[in-house]
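The next block holds one structure in the form of C-alpha cells; read it before the comments.
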Amino acid sequence: MPSYASPKLSSSNVRKKNSFQSPSLASIPRSSTSKRSIRSSSPSSISTRDSSPGSASIQVIVRLRPMNEAEKIHGTVPAISASSKEKKVNVIRGQGYRQLKSSYTYDNVFAAFSTQEEVFEATLKPVIADVMSGYESTVFAYGQTGTGKTHTMEGDLSNPEMYGIIPRTAEAIFESLQDTKYESSYVSCSYLEIYNEELGDLLVDVSQRSPDKKQPKLEIMNNKEGTFCRGLSEKKVTSARDVLSLMQTAQQQKKIGETKLNKLSSRSHCIFTIRIKAKKNLADGSTMEFKGKLHLTDLAGSESAKSASLDKSSGTENTRERERMNINRSLLTLGRVISLLKEQSQTRNPQNLRIPYRDSKLTRILQESLGGR
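Going left to right, the sequence shown walks through residues 3 to 375 as the numbering used here numbers them.
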C-alpha cells in the first residue's frame, strides 16, 4: 500500500500502517531554489499547510492490493477493508467472539482495485507542480514486504497502462516542458541503491564494465548546495522514453531475494532522482530561472525475523537476517526523523532538538527534502 509523509506525520501513524501491512507514499516539498524574487506564496501542496513560502506537510495515503493467486488458492480471508469515500481503513484482528475491529482515517485511501492512473493523478500531480516551481520534494513508498510498493512506484514497464509513479512522473514533466512559456530546460536522472548501508549506482551497467576499471566509491557529502552523493552518475534525459530506458537498465541490477512472504522481495532502498533546470517566462514579461528536484523512493519492506528467511536448507538465512536488520534499522531511523521534525515544528526552541539524519544513509541523503535546511 502506498503512503505520503509530512512533518505532521506522527510515529503512531507509521506503526498503524505496519499493523495492517500496507505500502505508502510520502511527499515533502521544501524550500525553493528559484532565482526570481517575486514569489509571493508557496506552490500548491498535496495537503493542507501554512501559506508561508517554504512550508511543507506530509500526507499519508494508503493503497490496498488485491489478494494474489497463492492467497486465493489457500482460501485466505481478507482482514482489511477500505472506503475511498470516507478515507478510512478497517482492520479486523482475531476470530469469533475475540474478533476486534479497528478503524484508521488517512489523507486518502485507495481500494484494492484502484488503477495506477488514479493513484498518480491524486498523489503525484500536485507534487510535480511544486517541483516545476523550483522546490525539492520527496515521495516514498513504505510498507511491509509483499504489499505492492515496487508495483506502485515502477509498475510494468512493458505496459503503458500499468506504468507506476516514476514513468508517469517523467511523462508529466516532459509534457509540462512542452509549454511555450519555458525558454529552455535541462533534465537529468540518477538512481541510487542503498543495500546493507552500502551505496550503489543502478545506472552503471555492471555487465559492460571493464574488469580493469575500478568502480569509484560512492560517498554522501555536503557542499554549499546541500547533501549529495559523490561519484553517483547523472544521466541527461530528453524524453520520457529515455527515463524508461534507464529504469529498465536499473531493474537488472537491483538487489532482490526470496523470502517467505515474497519471491521477488526488494532487499534495498532505491532512490530515483529527477533534476530539472529551466527558464520560464512570467506573465509580467520577466523570466524566472529555477532548479527543481524530485526524489522517488522505493523503500525495502519492513519484516519480522520469521518472514525474512527461508528454511535453513536454502543457505540464505544469514544473508536474509543481515538484510532484515539493516532494512528495519534504517526504517526506524526514518520514522524517528519524521517524528522529531514534527516535534521540532511545535517546540519553542527547535535548535535544541537534534534530528538524527546521520544515523542512516537513507535519511542523510534525503536530509534537504526531509527538512534539513
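In this text, a Cβ means the ideal position worked out from N, Cα and C, and glycines have one as well.
No residue range can be given for Leu204, since it is assigned to no beta strand (DSSP E) and is classified by DSSP as neither H nor E. Annotation for Thr154: the continuous alpha helix (DSSP H) segment containing it runs 151-155.
A Cβ-Cβ contact shorter than 9 Å links Leu194 with Leu220. The region 296-306 makes contact with the region 139-152; the number of CB pairs closer than 8 Å reaches 3 or more. Distance from the CA atom of Glu291 to the CA atom of Asp181, rounded to whole angstroms, is 15 Å. For Leu246, the enclosing alpha helix (DSSP H) stretches over residues 242-253. About 5 Å separates the beta carbon of Ser235 from that of Asp203, a gap short enough to meet the 8 Å contact definition. The count of Cβ pairs closer than 8 Å, one atom from the region 73-91 and one from the region 146-155, stays below three, leaving the stretches out of contact. In the three-state reduction of the DSSP assignment, Thr125 falls in the helix class. The C-beta separation of Leu205 from Lys237 comes to about 6 Å, placing the pair in contact by the 8 Å criterion. The beta-carbon distance between Ala143 and Leu368, rounded to whole angstroms, is 14 Å. This is too long to meet the 8 Å contact definition. Only residues of its own chain outside the window of five on either side were considered, and among them Leu179, Ala280 have a CB closer than 6 Å to the CB of Ser187, listed in chain order.
DSSP, reduced to helix, strand and coil, places Tyr197 within a strand of the structure shown. Taken through DSSP and simplified to helix, strand or coil, Gly228 comes out as strand. In the structure shown, Ala81 adopts coil according to DSSP, grouped into three states. Annotated three-state conformation of Leu234 is coil, per DSSP. Nearest in C-alpha terms to Lys226, of all of Gln61, Ile60, Glu370, is Glu370. The secondary-structure analysis by DSSP pairs Glu221 across a beta bridge with Arg232.
In the displayed model, Lys74 falls within a helix according to three-state DSSP.
The C-beta of Lys363 has 16 or more other C-beta atoms within 10 Å across all chains shown, which makes the residue buried.
With a threshold of 16 other beta carbon atoms within 10 Å, Asp132 meets it and is buried. Judged by pairs of C-beta atoms under 8 Å, the region 103-110 touches the region 60-76, as three or more such pairs exist. Note that the C-beta distance between Cys191 and Leu248 is below 9 Å.
Residue burial annotation: Gly303 is buried, with at least 16 other C-beta atoms found within 10 angstroms of its C-beta. When the Cα atoms are used, Ile175 and Val129 turn out to be separated by approximately 11 Å. Between Leu336 and Thr365 the beta-carbon gap is near 6 Å, inside 8 Å, which marks them as a contact. In the structure shown, Met164 falls within a helical segment according to DSSP collapsed to helix, strand and coil.
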